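Novice:
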Amino acid sequence: MQTKPTRVRILDAAHELMLTVGLARATTKEIARAAGCSEAALYKHFDSKEELFVRVLTERLPRLTPLLGGLAAEPGQGTLEENLTEIARQAALFYEQSFPIAASLYAETQLKRRHDDVLRTLGSGPHLPIQGLDAYLRAEQDAGRVRAGADTYAAASLLLGACAQRAFAYDATDSGERPAVDEFAARLAKTLLGGISAAESAG
Numbered sequence: 013m014q015t016k017p018t019r020v021r022i023l024d025a026a027h028e029l030m031l032t033v034g035l036a037r038a039t040t041k042e043i044a045r046a047a048g049c050s051e052a053a054l055y056k057h058f059d060s061k062e063e064l065f066v067r068v069l070t071e072r073l074p075r076l077t078p079l080l081g082g083l084a085a086e087p088g089q090g091t092l093e094e095n096l097t098e099i100a101r102q103a104a105l106f107y108e109q110s111f112p113i114a115a116s117l118y119a120e121t122q123l124k125r126r127h128d129d130v131l132r133t134l135g136s137g138p139h140l141p142i143q144g145l146d147a148y149l150r151a152e153q154d155a156g157r158v159r160a161g162a163d164t165y166a167a168a169s170l171l172l173g174a175c176a177q178r179a180f181a182y183d184a185t186d187s188g189e190r191p192a193v194d195e196f197a198a199r200l201a202k203t204l205l206g207g208i209s210a211a212e213s214a215g
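Residues are numbered in the working numbering as their position in the sequence shown, beginning at 1, plus a constant of 12.
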């Protein structure tokens, strides 16, 4: 007997299949079968596989955008270093989990174009975390905790770019292991603050 709502089962099945067989090969028919429902039932909840992919990213992976929005709305809370460390930690986890799903998009031009179109329609996309972190850093700049004149967009791009790179850059090392996320996030935040903090010491 199914206990979870159909929409939840579909998201769970889509997440699992996208991780195991890849986005390109995870068909709506296979997702519906794994969720224990009909393909018609899937389309009652999601307009397309592309929308389903976006919902998996926003509802099943670490919630980066709400964190950034909350911090931007209330600058001055906590220390700048603590906030940037938590942002980097959540971003590193998000990219670690989303990269295996999204990577297959780049192998098929038409598939990626369809997904990009849906992202625009839904007001989503990989640029939003950069914009969100930029907004947070600008709010902290206005509050006097980020140095006046510091390039907040470049700072946001540097931090999130490093977090995204962690998802794939270490597979070919001797250990084949990514840096531990907590230490990685703390080091990123501290180094970034060395370039943008208004204080003599980070924080």
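Here a beta-carbon is modelled for each residue, glycine too, at the ideal position from N, C-alpha and C. In this text, all values refer to a predicted model and were calculated from it rather than measured experimentally.
#1: Are the stretch 109-120 and the stretch 186-203 touching, with three or more C-beta to C-beta distances below 8 Å?
#2: With three or more C-beta pairs closer than 8 Å as the rule, is the stretch 64-80 touching the stretch 19-28?
#3: Which word fits residue 58, buried or exposed, when buried means at least 16 other C-beta atoms lie within 10 angstroms of its C-beta?
#4: May I ask you to list the residues that DSSP assigns as paired with residue 158?
#5: By alpha-carbon positions, which one of 111, 82, 199 ends up nearest to residue 34?
#6: Can you give me the Cβ contacts of residue 50 inside the same chain, cut-off strictly under 8 Å, excluding the 5 residues immediately before and after it?
#7: Just curious, the alpha helix (DSSP H) that residue 15 is in, first and last residue?
#8: Within 10 angstroms of the Cβ of residue 15, are there 16 or more other Cβ atoms? Answer buried if so, exposed if not.
#9: What residue does the alpha helix (DSSP H) around residue 86 start on, and which one ends it?
#10: Is it the case that the stretch 98-111 contacts the stretch 162-182, given that we only count it when at least three CB pairs across the two stretches are under 8 Å?
#11: With C-beta atoms as the reference, is residue 151 less than 8 Å away from residue 87?
#12: I need the boundaries of the alpha helix (DSSP H) containing residue 49, first residue and last residue.
#13: Between residue 123 and the ligand MG, is there a pair consisting of the residue's CB and a ligand heavy atom that are separated by less than 7 Å?
#14: From residue 193 to residue 98, what does the alpha carbon distance come to, in whole angstroms?
Specialist: Taking the definition as stated:
#1: Judged by Cβ distances under 8 Å, the stretch 109-120 makes no contact with the stretch 186-203, as fewer than three pairs qualify.
#2: Three or more Cβ pairs closer than 8 Å define a contact, and the stretch 19-28 meets that threshold against the stretch 64-80.
#3: Buried, because 16 or more other Cβ atoms sit within 10 Å of the Cβ of residue 58.
#4: The bridge partners DSSP lists for residue 158 are 209.
#5: By alpha-carbon distance to residue 34, the top candidate from 111, 82, 199 is 111.
#6: The answer, listed in chain order, is 44.
#7: Here residue 15 belongs to no alpha helix (DSSP H), and DSSP marks it neither H nor E.
#8: Residue 15 is exposed by the Cβ-count criterion.
#9: Unbroken run through residue 86: none, as it is neither H nor E.
#10: For the pair of segments examined, the stretch 162-182 was found to touch the stretch 98-111: the number of CB pairs separated by less than 8 Å reaches three.
#11: For residue 151 and residue 87, yes; Cβs fall inside 8 Å.
#12: For residue 49, no alpha helix (DSSP H) run applies, since DSSP gives it neither H nor E.
#13: With respect to the ligand MG, the structure shown offers nothing to examine, as it has no ligands at all.
#14: Rounded to the nearest angstrom, the two C-alpha atoms are 10 Å apart.
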